[in-house]
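What follows is a short report on a single structure.
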Amino acid sequence: MSASPGVWTRKHLLGLQELTATEIETILDEAGRYKSRWNAGETKFDDLKGIAVANLFFEPSTRTKTSFSLAAKRLSADTVDFTASSSSLTKGETFIDTALNIQAMGVHQMVVRHSSSGAPEQLAREVDCNVINAGDGTHEHPTQGLLDIFTIRSHRQSLKGLTVALVGDIKHSRVARSNIWGLTKLGARVIVCGPPTLIPSEVKEFGVEVAHSLDQILGECDCINLLRVQFERQRGAYFPSVREYAHLYGMNGQRMKRAKSDVLILAPGPINRGVEITPDVADGQNSVILDQVTNGLFIRMACLSLLRRATENERRKSR
Ligand code: CP
């Protein structure tokens, strides 16, 4: 199901792998319209009036959960935040039963984060709601990929011909996968860079280049996205020490001197200061890390709104 220019027809947002470049641009453009209206002083929109949005987070989150919650509220939706640790999951209820019960309370859209890759897709098969993947295992984190791309596009106009490095723990990163799909579809050159143990061999099949030395690629990069080392997903040691990782792959003041003067420094967060990025770089003039967070809100407003419109259009057609 692909979209004609500017028209969104999908019921769910599960990943960027299945989207066309046109669909990705449709979301970015819609987010841009919300951002312009917000900057012009509009603070409340009625696009989701009468709609209930549930945030189902089975893994911790600061940015994504808060951002989706605020995005839904700004669109005038009713919102409910579900926390796995204080739910009946602890009494043995399954993930799908939990979701079906929440749907039975009249929820229209579900935003789901889960440690299992594929959980949002499974949910989308079982419920009538729109499902948005807010990060599943090591698979995808589509709205993070979209907000990263939106942030780059807002500084550089076009992705075509830009060199973007994704540095760090590619193996365990759903953010890396969503960035790879989105960036390559929009014409960027993507280099994944990290220790050989943290770069899966199949990544070359995704249309990216692989590097193991950050110093070697530094001067070529227009954007550097510093991914967190995901210690919680790792089984065993992937590099000798955190100090050695920071020495080889951490972005610091010395490396900034050798990078392009206008290089954009991105990080999906949470950032580990002193590991993948030093404080002077995280808070420096090339950093767009907090812009990413701000833009995330507009991306999430766009996704919630487009999915709902598509569902309502389908309903009208089937009447
Ligand atoms: N970037 C991101 O997904 O952050 P959270 O885990 O805080 O949501």
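If you read the sequence shown in numbering that gives the first Met the number 0, its first letter stands for residue 0, the second for the next number, and so on. Backbone N, C-alpha and C define an ideal beta-carbon position, used for all residues, glycine too.
(1) Is Asn178 helix, strand or coil by DSSP?
(2) Just verifying my parser: in three-state terms, what is the DSSP assignment at Gly134?
(3) Near the ligand CP, which residues have their beta-carbon less than 5 Å from any of its heavy atoms, given in chain order?
(4) Using the C-alpha atoms, what's the distance from Tyr244 back to Lys259?
(5) Beta-carbon within less than 8 Å of Thr97's beta-carbon, same chain only, minus the 5 sequence neighbours each way: which residues are those?
(6) With 16 other CB atoms within 10 Å as the buried threshold, where does Met104 fall?
(7) Give the C-beta separation of Pro195 and His211 to the nearest angstrom, bearing in mind that I take them to be a contact with Cβ-Cβ under 8 Å.
(8) Examine the Cβ distances between the region 287-304 and the region 29-48 and report whether three or more of them are shorter than 8 Å.
(9) Could I get the ranges of all uninterrupted alpha helix (DSSP H) runs contained in the region 15-81, with 4 residues as the minimum, in chain order?
(10) Since Val255 and Val280 are thought to touch, with beta carbons under 8 Å apart, how far apart are those beta carbons, to the nearest angstrom?
(11) Using the three-state DSSP reduction, which class does Ala258 fall into: helix, strand or coil?
(12) Closer than 6 Å by C-beta to Asp221: which residues in its own chain qualify, once you throw out the five before and the five after it? Chain order, please.
(13) Return the first residue and the last residue of the beta strand (DSSP E) that Val209 is part of.
By the coordinates alone:
(1) If you number the sequence shown from 1, residue 178 lands on position 179. Looking at Asn178 - three-state DSSP - the assignment turns out to be helix.
(2) In the sequence shown, residue 134 corresponds to position 135, counting from 1. Strand.
(3) Those residues are Ser60, Thr61, Arg62, Thr63, Pro267 and Gly268, given in chain order.
(4) Residue numbering aside, residue 259 sits at position 260 when the sequence shown is read from its first letter. Residue numbering aside, residue 244 sits at position 245 when the sequence shown is read from its first letter. If I take the Cα positions, the gap works out to 22 Å.
(5) Against the sequence shown, residue 97 aligns to sequence position 98. Taken in chain order, the residues that qualify are Leu55, Phe81, Ser86, Ser87 and Leu88.
(6) Position 105 of the sequence shown, counted from the start, is the residue given in the question as residue 104. Exposed.
(7) Against the sequence shown, residue 195 aligns to sequence position 196. Against the sequence shown, residue 211 aligns to sequence position 212. The pair is a contact, with the Cβ atoms about 6 Å apart (cut-off 8 Å).
(8) With the cut-off at 8 Å, the region 287-304 and the region 29-48 touch.
(9) Every unbroken stretch of the alpha helix (DSSP H) spanning 4 or more residues and falling wholly within the region 15-81 is given here in chain order: 20-38 and 62-73.
(10) Mapped onto the sequence shown, residue 255 falls at position 256. Mapped onto the sequence shown, residue 280 falls at position 281. The residue asked about is misnamed: residue 255 is Met in this sequence, not Val. That belief holds up - the Cβ atoms of Met255 and Val280 are roughly 6 Å apart, short of 8 Å.
(11) Counting from 1 along the sequence shown, the entry for residue 258 is found at position 259. Three-state DSSP puts Ala258 in coil, outside helix and strand.
(12) The residue labelled residue 221 in the question sits at position 222 within the sequence shown. Cβ neighbours of Asp221 beyond the five flanking positions: Leu161 and Thr162.
(13) In the sequence shown, the residue the question calls residue 209 occupies position 210. Val209 -> beta strand (DSSP E) spans Glu208 to Ala210.
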